[in-house]
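Colleague: Numbering (the numbering used here), first residue to last: 139 to 417.
Ideal Cβ placement from N, Cα and C applies to all residues, glycine included.
The structure displayed is predicted, hence computed values, not measured ones.
I am attaching a structure below and will ask some questions about it afterwards.
And the structure:
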């Protein structure tokens with residue numbers, strides 16, 4: 139980590155640069171200039187932490203970052219302050235901020251570690267700071283990016299076509315008290331997009347003659363290449379209880395039931411149910 143030793147008059151300027159740009163770590167040497175200090179309170183919603191008068195390390199750290207945030211062209215909000223060390227005369231505080239270095243940038247969280255010490259008058263005073271290039275997206279930005287990616291995935295999945303064989307073509311081969319597995323052969327799946335789809339699961343809804351409805355999911359995930367169009371054999375599983383009378387015996391065709399709807403799931407993104415179409 140690179141250390142820069144700066145005169146006191148540029149401490150806040152350097153601190154502002156360190157928080158608003160992805161550079162190397164900065165640190166200033168101790169100074170004798172004191173300041174009134176500040177206390178940390180929760181400001182109005184969305185405003186982050188704001189200072190009031192108090193002589194503590196945490197308050198001094200918040201106060202200094204708040205001062206530079208007020209005079210910086212880079213939007214910045216103080217999210218949290220964490221005490222890293224405090225022996226009564228020397229302390230380290232980590233201040234976490236949400237910032238957007240450029241108008242076109244995403245909002246990110248960054249942190250700076252500030253050194254605070256008591257001067258000869260007993261006032262907690264900013265001595266220096268160290269920062270790294272580490273950052274992470276804010277929760278709001280992560281949520282925005284996830285929503286955008288989920289919408290993109292959903293758009294791709296919504297264009298995938300699934301066609302089931304006209305003759306049913308499915309059989310129970312494992313009927314037990316805790317799980318039922320059955321196979322559906324020659325299901326046509328078409329991916330018209332230019333993107334490969336991995337870790338895809340096909341869900342089906344099965345309706346029995348007595349009105350019983352159960353949902354079942356692929357045992358194994360599916361990979362569809364871009365512009366894929368092929369027939370696949372699927373093994374589905376369900377933990378729902380299927381009355382044994384609906385199967386004439388293991389390894390034989392299911393009787394008195396049909397697949398009525400299907401949908402696709404990739405991670406936590408799922409399409410709406412669609413009615414079965416046959417080949």
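With burial defined as no fewer than 16 other Cβ atoms inside 10 Å of the residue's Cβ, what is the status of residue 179: buried or exposed?
Modeller: The sequence position of residue 179 within the chain shown is 41, counting from 1. Confidence at residue 179 is low in this model, with a pLDDT of 33, below 50, so its placement is unreliable and the value that follows should be read with caution. Residue 179 comes out exposed.
Colleague: Judging by CA-CA distance, which residue of 243, 372, 367 and 299 is the nearest neighbour of residue 356?
Modeller: Residue numbering aside, residue 356 sits at position 218 when the chain shown is read from its first letter. For residue 356, the nearest C-alpha among the options comes from 372.
Colleague: Within this structure, are the beta carbons of residue 334 and residue 293 separated by less than 8 Å?
Modeller: Residue 334 sits at position 196 when you count from the first residue of the chain shown. Residue 293 sits at position 155 when you count from the first residue of the chain shown. Cβ atoms of residue 334 and residue 293: not closer than 8 Å.
Colleague: Which partner residues of residue 413 appear in the DSSP bridge assignment?
Modeller: By one-based count along the chain shown, residue 413 stands at place 275. For residue 413, which the question treats as bridged, DSSP gives the partners 399.
Colleague: Under DSSP, the alpha helix (DSSP H) around residue 355 begins and ends at which residues?
Modeller: As a first step, residue 355 must be located in the chain shown, where it is residue number 217. That residue, residue 355, is in no alpha helix (DSSP H); its beta strand (DSSP E) goes 351-356.
Colleague: Using DSSP with H/G/I as helix, E/B as strand and the rest coil, what is residue 238?
Modeller: The residue you call residue 238 lines up with position 100 of the chain shown. Coil, per DSSP.
Colleague: Quick check: the region 402-414 against the region 338-353, are at least 3 beta-carbon pairs closer than 8 Å?
Modeller: The region 338-353 vs the region 402-414: in contact.
Colleague: Which residue from 221, 201, 227 and 226 puts its Cα closest to that of residue 215?
Modeller: Translated into positions along the chain shown, residue 215 becomes position 77. That would be 201, whose Cα lies nearest to the Cα of residue 215.
Colleague: Determine the contact status of residue 249 and residue 232, defining contact as a CB-CB distance below 8 Å.
Modeller: What you label residue 249 is simply residue 111 of the chain shown in a count that begins at 1. What you label residue 232 is simply residue 94 of the chain shown in a count that begins at 1. Closer than 8 Å, so yes.
Colleague: Any heavy atom of the ligand FMN closer than 7 Å to the CB of residue 200?
Modeller: You won't find the ligand FMN in this model; it holds no ligand whatsoever.
Colleague: List the endpoints of the continuous alpha helix (DSSP H) containing residue 290.
Modeller: Taking the first residue of the chain shown as position 1, residue 290 is located at position 152. Here the alpha helix (DSSP H) through residue 290 covers 277-296.
Colleague: Could you give the DSSP three-state label for residue 177: helix, strand or coil?
Modeller: Stepping through the chain shown from its first residue, residue 177 is reached at position 39. With a pLDDT of only 32 at residue 177, under the threshold of 50, the placement of this residue in the model should not be trusted, and no figure is reported.
Colleague: If you measure between the beta carbons of residue 188 and residue 204, is that distance less than 8 Å?
Modeller: Along the chain shown, one-based indexing puts residue 188 at 50. Along the chain shown, one-based indexing puts residue 204 at 66. Yes.
Colleague: In the DSSP output, what is residue 228 paired with across the bridge?
Modeller: In the chain shown, the residue the question calls residue 228 occupies position 90. Note: residue 228 sits in a beta bridge opposite 255.
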